[in-house]
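Below you'll find the structure, written out as C-alpha cells, and then a few comments.
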Amino acid sequence: MLFLLNLCYAPAKAQRGSSIALDKPEKYENRRLGAEKTEDKKFNTSRHIYQNMVTHYNYFFNANTKFNGVLDKARQSAVNDYTQLLPYYNYDLNVTSRETNELDSIIYKCTAGILLHNLNNDWIDDMYLLLGKAYLLRKNFDSATHVFRYINYAFAPKDDGYDIPIGSNVSNTNGEFTIATDERRNAWQKVTTHHPSRNSGLLWLARTYIESGAINEAAGLLEILKADPHFPERLQPELHEVMGYWFYTQQVYDSAAVQLNFTLDHTGSRQERARREYLIGQLYLLGSRNEDLASSYFLKSASHTIDPVLEAYATLASIRLSTNKGDVVFLQQKLAKLLQLAKREKYILYRDVVYYAAAQVAMDLNRPKDAQSYLWKSVASATNNPTQRSLSFLLLGDINYDTKDYVAAHNAYDSIDNGQLKKTEDQSRVEQRKPSLTTIANNVTTVQRQDSLQHLAALPAATREEEVRKIARKLRRSQGLKDEDKNFVNTAVRNVAPATLFSETNASASEWYFNNTSLKSSGVAEFNTRWGKRPNVDNWRRSSAIDPMTRNQAQVAEEIAKAQKDSAAAAGTDTLSFDALMGKLPLSPEKMAASDEKIIQALFSNAKVFQSELQDYPTAIETYNELLRRYPETKMQEEVLFNLNYCYRRLGDTRRQDSVKTAMQRAFPNSKWTQLVNKSDQQTPKEADAATKHYERVYDLFVEGNFEKAKQEKQLADSLYGGKNNWSPQLLYIEAVYYIKQRDDSTAIQRLTDLKQAHAGTPLAEKATTMIDVLKRRKEIEEYLTNLQVTRADEDIPLLTDAAALSVIPNKPVLVIRDTLATAAAPARIIEVKRDTIPVVTVKKFAYNPEEEHFVVLFLNKVDGVYVNEARNAFSRFNRENFYSEKIDIGVHKLNDSTQMLLMGPFPKAVLAMGYIDKARPASRSRILPWLKPEKYEYGIISPSNLTLLKQDNELEAYKELLKQALPGKF
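Structural data, given as C-alpha cells:
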C-alpha cells in the first residue's frame with residue numbers, strides 16, 4: 004500500500020504548453036507517442052501509478068545504473084599522481100567521453116522514457132536531468148546546457164508556462180529573491196514523494212558552464228544559488244562542491260579549499276574523503292601557503308585512507324611541512340621519522356619516495372654525504388616508478404655537481420629519463436650540463452687508464468706478468484670465458500718420433516693391417532689430419548668446388564653469419580688474452596710518450612671545460628697545476644700558464660697572477676700569449692666590463708642585420724680591448740655565418756678556427772669543425788648542385804653550415820613553406836569551435852581550441868633573415884635526429900619589422916605540438932641554437948585560424964596572453 008502511495012504524488016509536473024513537437028517519418032505520421040497524448044487523456048490515479056512505475060523501473064533505473072557504471076569505470080581508471088596537484092574530480096571527462104556506446108544507450112533510454120510516457124508523471128524531470136548529465140559526460144556541453152536550461156524552464160514553479168530569466172527581478176516575490184524550487188514539504192509529502200530535479204539541474208548547469216569555459220555565467224548562477232533562501236539544505240554540499248570547482252579552475256586555491264571542506268561529510272566513501280582531504284592540503288599549500296593547516300589535512304588523509312599509496316604520500320607530505328628549516332632539532336626529528344617509515348613493512352613499495360624525502364631533509368641539515376646515501380637507497384628501492392627514479396638521480400646529480408664531483412654527477416645525469424621530469428627548468432639544466440660533464444668523465448677515464456698502464460709497466464717483469472695474468476683471468480671470468488690454457492708440454496713426449504704405420508713394432512708380422520683396430524683408427528686420424536674429412540665419392544675435388552655455388556642461399560647466409568659471429572667472439576676473446584693485455588702496456592719509450600700525451604691532452608681538455616664552460620676557476624687552476632706538476636716540460640706549458648693567469652685574475656688572486664705572469668715573461672718573453680697577458684693586465688675592471696658590453700653590442704648588431712655598423716664597432720672594440728681575449732663563441736659563430744653569406748670563405752674559416760681553438764669541446768666548436776670541412780668543399784658541392792638543376796626558394800637559401808646536410812644530395816627540392824596561409828585563408832574567417840566537444844579560451848579575437856591543428860612557432864625578435872635561415876637549418880637537423888619518422892615542415896613568416904616567426908608542423912592537436920616543445924626547448928641553448936641569445940627567441944603554438952588573425956591584426960601580445968591563460972606555466 005505504501006508503495007502505491009509513493010507513486011501517487013506528483014510535485015514537479017511539466018507545465019501546460021511544454022509538450023513535445025516531433026518531426027516523424029511519413030510512415031509514422033499518424034501514430035502518436037505517449038508524450039503527445041499528455042493533453043488528451045485524463046491523468047487519473049491508476050494511470051499515474053502505472054506511468055510512474057514503468058518510467059521509473061523500465062527506463063530511469065536502467066539508465067541511471069549505466070550512468071553510475073560509466074562513472075565507476077572512469078574512477079577506477081584514474082591514476083592519481085600525488086607528487087602533483089590532484090584533479091578536482093576523481094574522474095576525467097576525457098575518459099568518460101570515450102564510453103560512447105554506454106552514453107548513447109543512456110541517452111536513448113532517457114529519450115525513450117520521455118517520449119513514450121505521459122509528461123505528467125513524476126519521473127520526467129529525473130529523465131531530463133539524467134539526459135543532461137549523460138551529455139556532459141560525453142563532453143557535448145552545448146547539448147547539456149540546453150537540457151539543463153529546459154529543466155529550469157519547464158519544471159519551474161510558475162503559472163502559464165512563461166519563461167523567467169534567471170536572476171531577473173520577476174523572481175523577487177514577497178520580498179525574497181529566489182529562483183530555486185521550494186522543497187519544503189509536510190511529513191506526509193516527505194513519505195510519499197521524492198525530490199524534484201530542477202534544483203540539481205541548476206547545479207549541473209553551473210558545472211557545465213565551467214567545463215565549457217563560460218566562467219562568468221557559472222559565477223553568476225552560483226552566487227544567486229548561494230544567496231537563495233529557498234535553495235534546499237540537502238544540496239548545500241553539492242553547491243559548495245561546484246563553487247570549489249569554480250575557484251579551482253581559476254587557481255584561487257585557498258577559496259577552493261574552504262569550499263571543498265564543506266563537502267567532506269558527504270563524500271559517500273572513506274577513500275574519497277581521504278582523497279579530498281589530501282587535495283585540500285595541497286590547495287592550502289598552494290594558496291595561502293598555510294603549512295600548519297595543510298599538514299593537518301595531510302594527517303587526516305593518512306588516517307582515513309584505505310589506499311597505502313595515498314597514506315604514504317600523505318604521511319610524507321605532513322612530515323615535510325611545518326616549522327623553520329633552520330631548526331636543526333626539528334629537522335633531525337623529521338629525518339628520524341622518515342627513516343622509521345622506511346623500515347615499516349607497509350611502506351616497502353614506497354621506500355624510493357621516503358628515502359628521497361629523507362635526502363631533501365639531509366640537504367637542509369647540510370649533510371650531502373647522508374643525502375647521497377639516501378638517494379642511492381631510493382634508486383635501489385625503486386620498483387615501478389620511473390618518475391621518482393629520475394627525480395632521485397636528478398637530486399643526486401645536483402649534489403655531486405655542487406660538490407664538484409663531476410664524474411659522479413655525469414653518471415647520475417646520464418641515468419635520468421628526461422621525459423619523466425615535469426619541470427622545464429630541470430630538463431634544461433640536465434641538457435645544459437651533460438655535454439660538459441661527458442667530456443670531463445671521458446677525460447678522467449683516460450687519465451686513470453693511462454696511469455694504471457704506466458703503473459703496471461713500471462713493475463718488475465715477473466711481478467708485472469703475474470699482475471697481468473690476474474687481470475686477464477678476472478676479465479675472462481667476468482665475460483664467462485674459461486681461463487687460458489697453460490700449454491705445459493712434456494719435452495720427453497715432444498721428442499718422440501712418430502710411429503711407422505706398418506712397422507713390426509706396431510703389429511705382429513702375421514697380423515694384417517686392416518684387421519688391426521688400433522692401426523686402422525690411427526691411420527684414419529692421420530689421414531683426416533692431413534686431408535680433412537671428405538665424402539667417399541668420385542671427383543670429390545670438382546664436386547666440392549661446385550657445391551658451394553649450388554647450395555641454398557639462406558644456408559650460405561647463415562653460415563657466413565655464424566662465421567662472422569665466431570670471428571667476432573674470437574677477436575673479443577683474443578683482446579682478453581695475456582699477450583693482448585701485455586701488448587697494451589707502454590713498455591717502449593714510444594708507447595710511454597704516447598701514453599703521456601694522452602694524459603696531457605685529457606688534463607688540458609678538462610681544465611678548459613672547467614674554465615670556459617663551467618666557470619669553475621678553482622678546479623681549473625687545480626687541473627692546470629696538476630698538468631704542470633706532472634709534465635713541467637710539456638709543449639703546452641705556455642698556453643697553460645696563460646690560462647692560469649686568466650683564472651687567477653677572475654678569482655682576484657693578484658699575488659698568484661703576478662707570479663704566473665713573471666714566469667711567462669721569463670720563459671717566453673716574446674710569445675703571443677705573453678703579449679696578450681701584458682695587454683689584458685693594462686685593463687681596469689671597469690674597462691673589462693666595458694669591453695664585455697661593447698662586444699655584446701657588436702653581437703646584437705650582427706644578429707639584427709646591421710652588418711656594416713657591426714664590423715665598424717668590432718674593429719673599434721678590437722683596437723680598444725685587445726680582440727681575441729674578449730670574443731665570445733656566439734659572436735665568432737654569427738660573424739662566420741655572415742661571411743659565409745658574403746662568400747668570404749677565408750675570413751669565415753679564420754673565425755671558425757678561432758672559435759674551435761678558443762672554445763674546444765663546446766657544441767659551437769663541433770659546429771665550427773663541420774662548417775670548416777664543408778667550406779673547403781664548397782665549390783665542389785655547388786657544382787654538383789648546379790648540375791642537378793635544383794630550384795631553390797629565393798627567400799630561404801640554406802646556408803652551408805652542416806656537413807651532414809650537404810654531403811647527402813637530396814633527390815628533390817627542399818619544400819619551403821611560403822606565406823600561403825594568409826592567401827589560402829583570405830578573406831579572414833574565424834573557425835568556429837564546437838562548444839559541445841571542447842572548452843575554449845578567448846582573448847580578444849583569438850580563441851584557443853586544443854583539438855585544432857597547431858603549429859609550433861618560434862618568435863624571433865630583431866633577428867636578421869640570415870640567422871633566421873640558420874635557425875631553420877638548426878631545427879631541420881634537430882628534427883632529423885629526433886623525429887626521423889615524422890615529416891615536419893618548417894617555414895618562415897614575417898610578422899612585422901622586428902618579429903619573424905619560424906613555423907613547424909602542423910601537428911594534429913595542441914598536445915602534440917606541446918610535446919614537441921617539451922623536447923626541443925631544453926636542447927635549445929645547448930644544442931639547437933647555442934649561438935643565439937635566449938632573449939632573442941620565444942616558443943609558442945598557434946592554430947591556422949589564429950595565425951591568420953595574428954597576421955592581419957599584428958596583436959602579438961594579446962596572443963601571448965591567450966597562451967598564458969590557456970596553458971598556464973608553459974609560456
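Adding 3 to a residue's 1-based position in the sequence shown gives its number in my numbering. No residue lacks a Cβ here, since even glycine has one placed at the ideal position from N, Cα and C.
Around the CB of Y85, 16 or more other CB atoms lie within 10 Å, so the residue is classed as buried. Counting only the Cα atoms, V859 lies some 16 Å from L952.
Just measuring C-alpha positions, the residue of N155, R347, V57, F849 sitting nearest I945 is F849. By the criterion of a C-beta distance shorter than 8 Å, V356 is surrounded in its chain by A315, Y316, L319, S381, N388, Q391, once the five residues flanking it on both sides are discounted. Counting along the chain, the unbroken alpha helix (DSSP H) around I127 starts and ends at 127-140.
As computed with DSSP, H857 is found in a beta bridge with F910. In terms of Cβ geometry, G400 and Y416 form a close pair [threshold 8 Å]. With contacts defined by Cβ atoms closer than 8 Å, L735 and R754 form a contacting pair. Leaving aside the five residues that flank Q435 on each side, the residues in its chain whose CB is nearer than 7 Å to its CB run, in chain order, R928, S929. Assignment of alpha helix (DSSP H) within the stretch 590-653, counting only whole runs of 4 or more residues, yields 592-611, 620-633 in chain order. The three-state secondary structure of A460, taken from DSSP, is helix.
In the DSSP secondary-structure assignment, L225 is not bridged to any residue.
If you draw a straight line from the Cα of R276 to the Cα of P28, it comes to about 51 Å. The residues A610, F613, Q614, C650, in chain order, have a CB closer than 7 Å to that of A623 in the same chain once the five nearest residues on each side in sequence are set aside. A residue is called buried once 16 or more other Cβ atoms fall within 10 Å of its Cβ, and G422, having fewer, is exposed. L263 places its beta carbon 8 Å or farther from that of V245. Per DSSP, the beta bridge partners of V895 are L905. Taken through DSSP and simplified to helix, strand or coil, Y350 comes out as helix. Nearest to H269 by C-alpha distance, out of E236, V255, F250, is E236. Between Q274 and T308, the beta carbon gap of about 6 Å places them in contact (Cβ cut-off 8 Å). DSSP, reduced to helix, strand and coil, places T270 outside both helices and strands of the structure shown, so it counts as coil. Only residues of its own chain outside the window of five on either side were considered, and among them N202, S203, L206 have a CB closer than 8 Å to the CB of L238, listed in chain order. Note on G894: 16 or more other CB atoms within 10 angstroms of its CB, so buried under the neighbour-count rule.
Counted as a single uninterrupted DSSP element, the alpha helix (DSSP H) harbouring E884 occupies residues 868-885. Counting of Cβ neighbours within 10 angstroms places G943 among the buried residues, the total reaching 16 or more. The beta carbons of L915 and R875 sit no closer together than 8 Å.
Counting C-beta pairs closer than 8 Å gives three or more between the stretch 620-635 and the stretch 596-606, which meets the contact rule. Exposed is the label assigned to D185, since fewer than 16 other Cβ atoms lie within 10 Å of its Cβ.
Exclusion of the five residues before and after A739 leaves A751, R754, L755 as the residues of its chain whose Cβ lies within less than 6 Å of its Cβ. Beta bridge pairing from DSSP links T845 with A850.
In the DSSP annotation of this structure, the continuous segment of the beta strand (DSSP E) that includes E941 starts and ends at 940-945. For K664, the enclosing alpha helix (DSSP H) has its first and last residue at 657-670.
By the neighbour-count criterion, in which 16 or more other beta carbons inside 10 Å mark a residue as buried, P199 falls on the buried side.
For G247, the enclosing alpha helix (DSSP H) starts and ends at 239-252. For F158, the secondary structure class from DSSP, reduced to helix, strand or coil, is coil.
Non-local C-beta neighbours of A961 in its own chain, meaning closer than 7 Å and more than five positions away in sequence, comprise V846, K847, F849, ordered along the chain.
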